[in-house]
Amino acid sequence: CVADNALGRTKKYIEVSGRPGPAAFQSPAYSNYLDRYNLTYTIESIPPLDEIKLLYRKLMMNETYQHPGSWEDTILVPTLTRSDPTHFIMSHVIRGLSPNSVYEVMIQARNVHGWNEQKSKPKPAETFPSDCDV
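Terminal number for the sequence shown in my numbering: 120, no gaps in between.
Here's what the structure looks like:
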């Protein structure tokens, strides 16, 4: 696309693809539990989704540094639930997390046209401290 006007000229490129869009996270940043996190997200895709890959890792951090752990991945079977004709809405509980910890979460999705691009930064998610009453 090229646009011209009295203020100048600009070019932008768009890709027309049938691949899924990036995940849009709906979950709050903080979990209501010590050791698990309920991740809710939507993915734009006209064709049905064939596969979802959930990746998450713990961030080891203090005031002076932040060091990410290694990615854990889980393959999920997508739901057929749509929030509208072009968006799938899904939820998954990540279990076995450490209390009072920060995690990063990413979602990849595949349909008949291929995998989505990972354009967004990982979503931060935190569990409750172990001394909290939940």
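Where is the CB? At the ideal position from N, CA and C, for every residue including glycine.
None of these values were measured; they are calculated from a predicted model.
### Query
Taking the alpha-carbon positions, what's the Ala(-11) to Arg(-5) distance?
For the purposes of this step, residue -11 is identified with residue 3 of the sequence shown, where counting begins at 1. For the purposes of this step, residue -5 is identified with residue 9 of the sequence shown, where counting begins at 1. Cα-Cα distance, rounded: 6 Å.
### Query
Around the Cβ of Met76, are there at least 16 other Cβ atoms within 10 angstroms (buried) or fewer (exposed)?
Counted from its first residue, the sequence shown places residue 76 at position 90. Per the 10 Å Cβ criterion, buried.
### Task
Taking only the alpha-carbon atoms, compute the straight-line gap between Lys44 and Ile0 and give it to the nearest angstrom.
Your numbering for residue 44 matches position 58 in the sequence shown. Your numbering for residue 0 matches position 14 in the sequence shown. Between Lys44 and Ile0, the C-alpha separation is close to 34 Å.
### Query
DSSP puts His78 in a beta bridge; with which residues?
Here residue 78 refers to the residue found at position 92 of the sequence shown. Leu25.
### Task
Enumerate in chain order the residues of its own chain whose CB-to-CB distance from Trp101 is below 8 Å, with the five nearest sequence positions on each side excluded.
For the purposes of this step, residue 101 is identified with residue 115 of the sequence shown, where counting begins at 1. Arg5, Pro6, Gln94 and Ala95.
### Task
Use the C-beta contact count for Tyr23: other C-beta atoms within 10 angstroms, 16 or more gives buried, fewer gives exposed.
Along the sequence shown, one-based indexing puts residue 23 at 37. By the neighbour-count rule (16 or more Cβ atoms within 10 Å), Tyr23 is buried.
### Run of the beta strand (DSSP E) containing Val(-12), from where it starts to where it stops
Translated into the one-based positions of the sequence shown, residue -12 becomes position 2. Note, Val(-12): beta strand (DSSP E), Val(-12) to Asn(-9).
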